[in-house]
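Before any comments, here is the structure.
2 protein chains.
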Amino acid sequence: MKENTNKYTIGIEATLEIIRGKWKGIIVYHLTTGRKRTYELRKLMPNLTQKVLTQQLRELEKDGIITRIIYNQIPPKVEYEISDYGWGLINILDSVCLWGEEHLDKVYGDKALVLKAESDVNF
Amino acid sequence: MKENTNKYTIGIEATLEIIRGKWKGIIVYHLTTGRKRTYELRKLMPNLTQKVLTQQLRELEKDGIITRIIYNQIPPKVEYEISDYGWGLINILDSVCLWGEEHLDKVYGDKALVLKAESDVNF
DNA sequence: CGGTATCCGACCTGATACTG
DNA sequence: CAGTATCAGGTCGGATACCG
Numbered sequence: 001m002k003e004n005t006n007k008y009t010i011g012i013e014a015t016l017e018i019i020r021g022k023w024k025g026i027i028v029y030h031l032t033t034g035r036k037r038t039y040e041l042r043k044l045m046p047n048l049t050q051k052v053l054t055q056q057l058r059e060l061e062k063d064g065i066i067t068r069i070i071y072n073q074i075p076p077k078v079e080y081e082i083s084d085y086g087w088g089l090i091n092i093l094d095s096v097c098l099w100g101e102e103h104l105d106k107v108y109g110d111k112a113l114v115l116k117a118e119s120d121v122n123f
Numbered sequence: 001m002k003e004n005t006n007k008y009t010i011g012i013e014a015t016l017e018i019i020r021g022k023w024k025g026i027i028v029y030h031l032t033t034g035r036k037r038t039y040e041l042r043k044l045m046p047n048l049t050q051k052v053l054t055q056q057l058r059e060l061e062k063d064g065i066i067t068r069i070i071y072n073q074i075p076p077k078v079e080y081e082i083s084d085y086g087w088g089l090i091n092i093l094d095s096v097c098l099w100g101e102e103h104l105d106k107v108y109g110d111k112a113l114v115l116k117a118e119s120d121v122n123f
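Those protein sequences? They're chains V and E, same order as listed. Residue numbering for the first sequence follows the UniProt record's numbering, starting at 1 and increasing by one per position. Residue numbering for the second sequence follows the UniProt record's numbering, starting at 1 and increasing by one per position.
Below, the structure is given as structure tokens:
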């Protein structure tokens, strides 16, 4: 059943719904550097299991954030890419990320900066 | 035990962690219109139980987003207010909200606009 | 009035095994 | 290589009852 369709009161809820998934932020982050194959994503996120990865990718696809490109061949090949629509969200989230990093600085001090240095992109 | 201190890889994770709670967005939203007493918040969000409200407020407080003002008196009086630090986040989230609203338009069409009209503030 | 304690169910995530 | 199925564990939110 579950007719719990209590829709959002404010825009933030809608956005949150989309990136709430534990890994979605990181997945999208990795896609900002370019189209990726499934196993590439797996290598980039070793702690993320196949199942959950697929799951989260499906949701992101459903929300129109990413595009799934299927090469019909053997062995299978699938690539994921941020859609034009998705880029709109990402550009916005960029400032959120900056805030988040500053927040980390405040809360954890320098420790938080370690990982930051590992990437060029902010998001 | 649980030494799962796998800290964030990117800023977005930190921010998400803060507003991930199901009600946090809405709570903060209501506080944007000014300092509120506990029972005022409860009236504004009838579907939110006392326990969860307190819970989410505590977390927001821990993260420095809101301030808890305790009047030491009988009967008790407590007020919640967005901190200066919290406003920093909110200003940023504002553009996220706009995106969210547009997303709603895209996904649900006009239906999504109903609630939008009920408030002056974007967030 | 504001908050804590306890219990429970739903959901989300993860481990493992298997399919085309 | 990419994805599905199944099952188990943890976390979160919600209902209820009680305390200062």
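Backbone N, C-alpha and C define an ideal beta-carbon position, used for all residues, glycine too.
- In the same chain as residue 63 of chain E, and ignoring 5 residues on each side of it, the C-beta atoms closer than 7 Å to its own belong to 18, in chain order.
- Not a single CB atom of chain E sits nearer than 8 Å to the CB of residue 41 of chain V.
- Uninterrupted alpha helix (DSSP H) stretches at least 4 residues long and entirely within the stretch 15-89 of chain V occur at 24-31, 38-44, 50-62, given in chain order.
- Remark: three or more beta-carbon pairs, one from each stretch, lie closer than 8 Å, so the stretch 85-93 of chain E and the stretch 95-103 of chain V are flagged as touching.
- Residue 54 of chain V counts as exposed, since fewer than 16 other beta carbons sit within 10 angstroms of its beta carbon.
- Cα atoms of residue 49 of chain V and residue 95 of chain V: separation of roughly 29 Å, rounded to the nearest angstrom.
- In this structure, residue 82 of chain V lies away from residue 56 of chain V, with their beta-carbon atoms at least 8 Å apart.
- Think of a sphere of 7 Å around the beta carbon of residue 70 of chain E: no beta carbon from chain V falls inside it, the nearest being about 23 Å out.
- The beta-carbon separation of residue 30 of chain E and residue 22 of chain E, rounded to 14 Å, does not stay under the 8 Å limit for a contact.
- Only exposed fits residue 43 of chain E, as fewer than 16 other CB atoms lie within 10 angstroms of its CB.
- At a cut-off of 8 Å, the C-beta of residue 58 of chain V has no neighbouring C-beta in chain E.
- The three-state reading of DSSP puts residue 92 of chain E in helix, counting H, G and I together.
- Cβ proximity to chain E below 8 Å picks out 12, 13, 14, 15, 16, 18, 19, 20, 25, 26 from the stretch 12-28 of chain V.
- Between residue 20 of chain V and residue 20 of chain E, the CB-CB gap stays under 8 Å.
- Taken through DSSP and simplified to helix, strand or coil, residue 12 of chain V comes out as helix.
- Check the Cα spacing between residue 84 of chain V and each of V:52, V:66, V:46, V:60: the tightest is with V:66.
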